[in-house]
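**Q**
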Amino acid sequence: MLLEEKKTDEGKTDTMLATVSGKEDDIENGHVSSLDEAELFLREHGISHSQLQEMLDDPAKSRRIRRRVDMILLPLLCGTYALQYIDKQALGYSAVFDLFKDAHINSDEYSWLASIFYFGYLFWEYPANLIAQRLPVGTVISCFVIAWGAILMITAACNNFTGMAICRFLLGCFEAPITPCFMMIIAMWYLRQEQPFRAGCFYCCNGIGSMLGGLISFAIGQLNGFPVWRAVFLICGGVTVLWGGILLLFLPNSILSAKRFTIEEKILLIGRGKQNQTGILNRSIKWYQVREALIDPQVWLAFLFVLLNETCNGGVANFGKLIIKGLVSSPLLATALGIPQGAFQVFFILSGTYLSSRFKNIRTIIMVIYLLPTVIGVCLLWQLPRTNRYGVLFGYYIIGSYVTSVVLCLQMPSSNTGGYTKRVTATALVFLAYCVGNIVGPHAFLAKEAPVYETGCKLILACVLGQMACTVALRVLLIRRNKRRDAEGVVRPQGDADEQVLADLTDFEARTGRSGIGYFGILQPSENDLGFAAQLLRLAYLLHLSVQPTEQTEMHILAADNKYVLPQEQFNQQALVLVLVLVLEELGFGLL
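Under the numbering used here, think of the first position of the sequence shown as -1, with each following residue one higher.
1. On a CA-only basis, which of SER327, GLN465, VAL401, ILE176 is nearest THR425? Give me that one, please.
2. So is ALA155 buried or exposed if we call it buried at 16+ other beta carbons inside 10 Å?
3. Does the beta-carbon of ARG166 have 16 or more other beta-carbons within 10 angstroms, so that it is buried, or is it exposed?
4. Pick out whichever of GLY324, SER46, ILE184, GLN465 has its Cα sitting closest to the Cα of ILE364.
5. Please say whether THR362 and ARG473 have beta carbons closer to each other than 9 Å?
6. How many angstroms separate the CA atom of ALA217 from the CA atom of ARG482?
7. Under the three-state reduction of DSSP, which class applies to SER403: helix, strand or coil?
8. Could you check which residue in ASN158, TYR201, PRO125 has the C-alpha nearest to that of ILE84?
9. Going by C-alpha distance, which of PHE259, VAL344, ILE321, LEU335 is nearest ILE70?
10. What number of angstroms, rounded off, separates the C-alpha of TYR388 from the C-alpha of ARG228?
11. Identify the continuous alpha helix (DSSP H) that holds ASN127 and give its terminal residues.
12. Does the distance from the CB of VAL422 to the CB of LEU133 come in under 9 Å?
13. Measuring alpha carbon to alpha carbon, tell me which of ASN222, ILE337, GLY313, ALA300 ends up nearest PRO449.
14. Take GLY454 and list the residues in its own chain whose beta-carbon comes closer than 6 Å to its own, dropping the five residues that flank it on each side.
15. Quick check: the Cα distance between GLY271 and ALA431, rounded to an integer number of angstroms?
16. Between the alpha carbons of GLY212 and THR419, how many angstroms are there, rounded?
17. What did DSSP end up calling PHE259 once you bin it into helix, strand or coil?
18. Taking LEU240 as the reference, give the member of GLY147, ASN251, LYS264 with the closest Cα.
19. Under the assumption that LEU348 contacts SER403 (Cβ atoms under 8 Å), give the Cβ distance between them as a whole number of angstroms.
20. Is the region 350 to 359 in contact with the region 301 to 310, if contact means three or more CB pairs nearer than 8 Å?
21. Count the other C-beta atoms from every protein chain shown that fall within 10 angstroms of the C-beta of GLY242, then say buried if there are 16 or more, exposed otherwise.
22. Specify whether the region 105 to 114 and the region 187 to 204 touch according to this definition: at least 3 beta carbon pairs, one from each stretch, less than 8 Å apart.
23. Cα separation between LEU33 and GLN287?
24. To the nearest angstrom, how far is it from the Cα of GLN381 to the Cα of ASN316?
25. Could you check the C-alpha separation between GLN409 and MET209 for me, to the nearest Å?
26. May I have a chain-ordered list of the alpha helix (DSSP H) segments no shorter than 4 residues that lie completely inside the region 324 to 358?
27. Can you list, in chain order, the residues of its chain whose CB lies under 6 Å from that of GLY340, leaving out five sequence neighbours each side?
28. Would you identify the three-state DSSP class for LEU189, choosing helix, strand or coil?
29. Residues in the same chain with beta-carbon distance under 6 Å from VAL373, minus the five sequence neighbours each way, listed in chain order, please.
30. Quick one: residues in its chain with C-beta nearer than 6 Å to the C-beta of VAL237, no 5 flanking neighbours on either side, listed in chain order?
31. Quick one: Cα of ILE63 to Cα of LEU72, how far?
32. Please list, in chain order, all residues of the same chain as VAL67 whose beta carbon is under 8 Å from its beta carbon, the five residues on each side excluded.
33. Using only CA atoms, which one of GLU308, LEU335, ASN311 lies nearest to LYS319?
34. With H, G and I counted as helix, E and B as strand and the rest as coil, what does DSSP make of GLN82?
35. Distance, Cα to Cα, THR351 vs TYR451?
36. Going along the chain, which residues of its own chain have a beta-carbon closer than 8 Å to the beta-carbon of SER60, five neighbours each way excluded?
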C-alpha cells in the first residue's frame, strides 16, 4: 500500500490511502472501499459535509427526528427486553412451584441450570455479534427472538436435568446477541448525550419484565389439572415467538435501509452519528481494530466492572425468589411479594440514566452512588432475622440498584469507542464478563445456608467494593486522557473530522473525539519534532490503519512535509518496539 497526497480546492494537503492492486483503481476508489456505508450514502445523494452541518444546525429538525426515532425504535427494543427478562427468569418463576419435584432436580442442579444459560451466552455471543455485523441486524435479532421462544416452549417437555440443561444452553445462545446489538443500535441512532437515557429505557424493562413475569406467574398459578411450571414455559415461549414475527416486520436493519424514514431524515440521522465521532456502520471486519480494543485499558476496566457486577446479579436474580419463599409458605404469595422489586429497579434505572444524560461528566459518579443501596440491601438480607419480614423484603427490593451502574457501564464501549469493529469487539469483551459473572454468582448461594445465604451475601459485598474501585480507576483514566488531549491543543478542521468519522476510524485514530468523560486519540508529536519518536508515532498511525508491507520493499510515510523510507526488515523491527512503547505510554510511563 502507498500513502499518497491529494490537493484539495483550498490548497491544503489531504492524505489518502490507496490500495495497490492488479486493477487500475484510482486513489479515490481505494479510499471509498474503507469508508462506512453512511459516507457512501451521502456521496450518492450529493450531500457535502457543509450542507449536512447546515441541516443539523436546525434545532426543530433535530427534535423532530429524535421524537420520531423514539416512537419507532424504543417500543420494539423495550418489548423485546421485557420478554427477554421474563423468559430468562422463567426458571426462577417455575422453581417457586413444582419444578424441583417434576423435573427431578435438586438445589445444586438448579444452580447449574442458572449458570448453563450463560455458558451458552458466552459460547455464542461474539460469533452472533459478528453475524449481526455482516448481516442485517434487525433481521438477525428477529430470528434469534423467534428461536429462543421456540426453545422455551420445548423446555416444558423436559423431565430431567439433562434435557433442561440442553434447553438452557440453547436459550443462552439465542439470547446472546440481544443486549450487545441493542447497545450498538442505540449508539447508531442517538447522539452520545441521548444514549444513556435511551439505553436505560429498554434496560429498565428488566424491572417491568420482573413485574409482568410475577403477575403472569401468579395468574398461571391458578391453573388446575396442568403442571404450573410447564405452563409458564409454554405461555412465555409462545408470546415470544409472536413478538419475533412483529420484529421481523418492523425493526429496521440500519438507518440507511429503514423504510419508515425519508431520505432527508436518513441524512439527518447520519449527521447525528457523525457528531458522535463514532461512525454509523461498516460491514467489513477490521482485525487491527480488534487488536486495538485488546490493548485499551478502558475496555478492560469496563470488563472487570461488569464481571463483578454480574457476579452479584447471578446470585440475586436466581435466588431472590427463593429468599422470599423462605419468608412465606404459599408459592403464590412468594410470587406476588417479588413484584415490587421490579418497580424499584425501574425507578433506579430511569433516575440514574436520566441524571447521567442531564448533567455532564457524572456517569462514573452515578455508577458509584447507585451501588450504595445494594450495600444496604445485602446487609439487611444478611443480618436481619427472618422474623423481620418487612426489613428483609425492603433489603431485597433495593438490592437491585446495582443494575443502574451496569447499564451505564455497558453503554461505554458503544458510545466511547470509535471504529465499528472495535466497538463490536469491546462490547463483546464486556459481555464476556457479563456471562462469566452470571456463571459464578449462583454457586456462592449454598443450599445448606438457605434462606440467609451468608456466603452469597459476603460475595456481593466484596464485588460491590471492587466495582467502586474499578469506577474510580476508570474516571481517573478518562480524566487523564481528556487533560492530555486538551494540553496538546490539537483541533482539526470540522471537515477533516467529518471525513475521519465516516471513514470508520477508531477513537485512537480520530483524535477529535471526546467521550462523556473520555479522551480519544493516539499520541503524536508536534510537526517540528522529526526524530525517532515522530517516525514511531507516524508508524503507529499507519498500523492502526492496518497498513502492511506488500510486495514492495519500502513504505513512504508523509509527515510534516518530510518523507521517511523504511525498508521491510526495519518495519518489522519497529513494529515490535511500537507495541511495547504504546502500552507503556498508555500506562503512564511517559516514554515519548
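Backbone N, C-alpha and C fix where the C-beta goes; we use that ideal spot for every residue, glycine too.
**A** Put simply:
1. ILE176
2. Exposure of ALA155 is indicated by the presence of fewer than 16 other C-beta atoms within 10 angstroms of its C-beta.
3. ARG166 comes out buried.
4. GLN465
5. yes
6. In a straight line, the C-alpha of ALA217 is about 58 Å away from that of ARG482.
7. helix
8. Taking each of ASN158, TYR201, PRO125 in turn and checking the Cα distance to ILE84, the smallest one comes out for TYR201.
9. That would be PHE259, whose Cα lies nearest to the Cα of ILE70.
10. 31 Å
11. 105 to 132
12. no
13. Restricting attention to ASN222, ILE337, GLY313, ALA300, the CA atom closest to the CA of PRO449 is found in GLY313.
14. GLY313, ALA442, PHE443
15. 28 Å
16. Distance between the alpha carbons of GLY212 and THR419: 39 Å.
17. coil
18. GLY147
19. Going by Cβ atoms, the distance from LEU348 to SER403 rounds to 14 Å, so no, they are not a contact pair.
20. By the Cβ test, the region 350 to 359 is not in contact with the region 301 to 310, since fewer than three Cβ pairs between them sit closer than 8 Å.
21. buried
22. Taking a cut-off of 8 Å on C-beta distances, the region 105 to 114 does not touch the region 187 to 204, as fewer than three cross pairs fall below it.
23. For LEU33, the predicted structure reports a pLDDT of 48, less than 50, and the residue's modelled location is therefore unreliable. A value from the coordinates is still provided. Rounded to the nearest angstrom, the two C-alpha atoms are 14 Å apart.
24. 20 Å
25. Their Cα atoms are separated by approximately 24 Å.
26. 329 to 335, 337 to 356
27. GLY205, SER208, MET209
28. It is coil, neither helix nor strand.
29. VAL462
30. Excluding residues within five positions, none has a Cβ falling inside 6 Å.
31. 13 Å
32. TRP187, TYR188, LEU267
33. LEU335
34. helix
35. 31 Å
36. Once the five neighbours on either side are set aside, the close Cβ partners of SER60 are LEU54, LEU266, ARG270.
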